[in-house]
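**Q** Chains as they are written, first to last, in this note's numbering: chain A, 1 to 209; chain B, 210 to 431. Cβ atoms here follow ideal geometry from the backbone N, Cα and C, with glycine treated the same way. Below you'll find the structure I mean.
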Amino acid sequence: MGPADPWSDRELAARFPDGDERVLRAVYDRFGGAVYAVAYAIVRDQARAADAAQATFVNAWRAAARFDGSHDLAPWLFTIARRAAIDEYRRQRRVVPTDPADLDGFDALDGVSRGDVVLEQAWETWQVRLAVDSLPGDEREVVRLSWFEGLTHPQIASQLDMPVGTVKSRSHRAHRRLANALAHLRDANRAGDGNVRQPQGDEGGVSGQ
Amino acid sequence: MSGGDAGDEDEVGVPDLPPGVDASLRRADVWTAPPADLFDRIAAAVTSTPRTDAPDSRFAAARRRWVLVGAAAAAALVLFAAGFVVRGIADDGPDESADEDTPVAQLALAGTDLAPMAKAGVEVLDRGDGFALVLVTDGLAPAPDGMYYEGWLRSVAGDSVSIGTFHLRDGDGTVVLWSGVAIDDFPTLTITLRAVPPREAAEPGSGGEGEPVLVGSLDATA
């Protein structure tokens, strides 16, 4: 997201209540992508996702003095981000007449089963995005081309103008990092259908490092 | 195996990802990037946003402001009654000192699922003609356009009385609500979020009073 900062997640959490804007920048660099991703997962509009992401950091800033620095920042920020995105979604719904075709798979965000699907995906998006953002840039690009663009290793090698062996080794390293970073999802409470349950409260999740 | 490697015979074992992660990696939200100026917007917004560092001190400040308003009202009443002997107006006026404005009850409000990061401290002041409830909110967002907050006192039997509305779009998050009912008889305080009339279809679960965002029960002080 930005220049490397010297603080670990624990140090960021401990410093966040102090109101230091350098820490705010570091928190944004660490979590801004995931915050935006969660917002987009819920509102499905880039401009409104940006508004929700902005509201997330402003609300977190306002409440920073009350944040317990011994806790992880990630679950706390996720909760604020989800709330901001839901608020933005509801604001959008009131301004624009709701077309059933625009509901994009959910018709409420307050407990209706389809809304639950969106919120479940928001949690997964948060976890995976944090893990992806922690990858080195060259490895992240290989993962993106492979999964999101659907390219094979030879196709990636051609697009990035590098040997296939390099692509494979980067892919292997990246997937090992992702598997380690997301191992807790394998052990998390699971529904019988294989969906990952969202933790309640501020249980630990993927950190930025 | 990665998404695009079907049929790649040279693929050396790639660490398996937890179930469901592959589906996430195929979704646009995992890869979408925020606008380049997003942090600048955030920085500009936080510059003008006060942090809620010491909400307890705002109780005294709110009481002092309210005492001044009460004193001004009492003075206006004296002027209006000029020419008549109205004994005891000065004696019955509001306390001169905020230190003498002692709460008869205090409570803490916790955020519901709709506002999990919000909380509020409340002091209840007996003003003789009713009860003032001074709320110092923390982490409760301004009411969205077209909506507002409302306070409700509820009895054990479930009867509820409205004690006022607010929106939090300016100020420091301190709100003064008024109750005409005895606090001991209506010990639960709920803050709900409601739509400005005319309303669309009621929000699910609203119960007609809006969606609860803060809830707490009164404990009388000594």
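(1) Go ahead and label residue 378(B) buried or exposed: buried means 16 or more other beta carbons lie within 10 angstroms of its beta carbon, across all protein chains shown.
(2) I'd like to confirm the pairing. Which residues does DSSP put opposite residue 363(B) in its beta bridges?
(3) Please name the residue in 370(B), 242(B), 317(B), 321(B) whose C-alpha comes closest to that of residue 133(A).
(4) Over what stretch of residues does the alpha helix (DSSP H) that includes residue 31(A) continue unbroken?
(5) Express the C-alpha separation of residue 397(B) and residue 367(B) in angstroms, rounding to a whole number.
(6) From which residue to which residue does the alpha helix (DSSP H) around residue 11(A) run?
(7) Tell me residue 227(B)'s beta-bridge partners as DSSP assigns them.
(8) Just to confirm before moving on: does the CB-CB distance between residue 324(B) and residue 349(B) stay below 8 angstroms?
(9) Quick check: residue 344(B) and residue 374(B), are their CB atoms within less than 8 angstroms of each other?
(10) If you draw a straight line from the alpha carbon of residue 23(A) to that of residue 12(A), how long is it in whole angstroms?
(11) Got a sec: is the Cβ-Cβ distance from residue 107(A) to anything in chain B below 8 angstroms?
(12) Here's a check: name, in chain order, each residue in its chain whose Cβ is nearer than 7 angstroms to the Cβ of residue 254(B), leaving out the five neighbours to either side.
(13) To the nearest angstrom, how far is the alpha carbon of residue 163(A) from that of residue 169(A)?
(14) According to the Cβ coordinates, are residue 137(A) and residue 248(B) closer than 8 angstroms?
(15) With 8 angstroms set as the bound, which would you pick, yes or no: does the beta-carbon of residue 81(A) sit closer than that to a beta-carbon of chain B?
(16) Using three-state DSSP, classify residue 208(B) as helix, strand or coil.
(17) On the DSSP letters alone, give me the boundaries of the alpha helix (DSSP H) that residue 245(B) sits inside.
(18) Report the residue from 85(A), 172(A), 155(A) whose alpha carbon sits nearest the alpha carbon of residue 49(A).
(19) Along the chain, where does the beta strand (DSSP E) containing residue 384(B) start, and where does it finish?
(20) Measure how close the beta-carbons of residue 39(A) and residue 53(A) come, nearest whole angstrom, since I'm counting them as under 8 angstroms.
(21) Just grab the DSSP bridge partners of residue 356(B) for me.
(22) Taking residue 332(B) as part of the beta strand (DSSP E), name the residues at either end of that continuous run.
(23) Report the residue from 226(B), 230(B), 224(B) whose alpha carbon sits nearest the alpha carbon of residue 121(A).
(24) I'd like to know whether the C-beta atoms of residue 405(B) and residue 356(B) end up nearer to each other than 8 angstroms.
(25) Please name the residue, chosen from 143(A), 8(A), 14(A), 157(A), that lies closest to residue 174(A) on a Cα-to-Cα basis.
(26) Report the rounded CA-to-CA distance for residue 30(A) versus residue 239(B), giving the unit in angstroms.
(27) Flag residue 319(B) as yes if its beta-carbon sits less than 8 angstroms from any beta-carbon of chain A, otherwise no.
(28) Secondary structure at residue 137(A), three-state DSSP: helix, strand or coil?
(29) Report the neighbours of residue 234(B) on chain A: residues whose CB is nearer than 9 angstroms to its CB, in chain order.
(30) On the DSSP bridge list, what partners appear for residue 320(B)?
**A** Checking against the coordinates, here is how it stands:
(1) exposed
(2) 369(B), 397(B)
(3) 242(B)
(4) 21–43
(5) 10 angstroms
(6) 9–15
(7) BP columns for residue 227(B) are empty, so no partner.
(8) yes
(9) no
(10) 7 angstroms
(11) With a pLDDT of 47 at residue 107(A), under the threshold of 50, the modelled position of this residue cannot be trusted; read the value that follows with caution. Not an interface residue.
(12) none
(13) 10 angstroms
(14) no
(15) no
(16) Nothing about residue 208(B) can be reported from this structure: the residues present for chain B run from 210 to 431 only.
(17) Here residue 245(B) belongs to no alpha helix (DSSP H), and DSSP marks it neither H nor E.
(18) 85(A)
(19) 383–388
(20) 5 angstroms
(21) 404(B)
(22) 328–335
(23) 230(B)
(24) yes
(25) 143(A)
(26) 15 angstroms
(27) no
(28) helix
(29) 128, 132, 143, 144, 146, 147, 148, 178
(30) 423(B)
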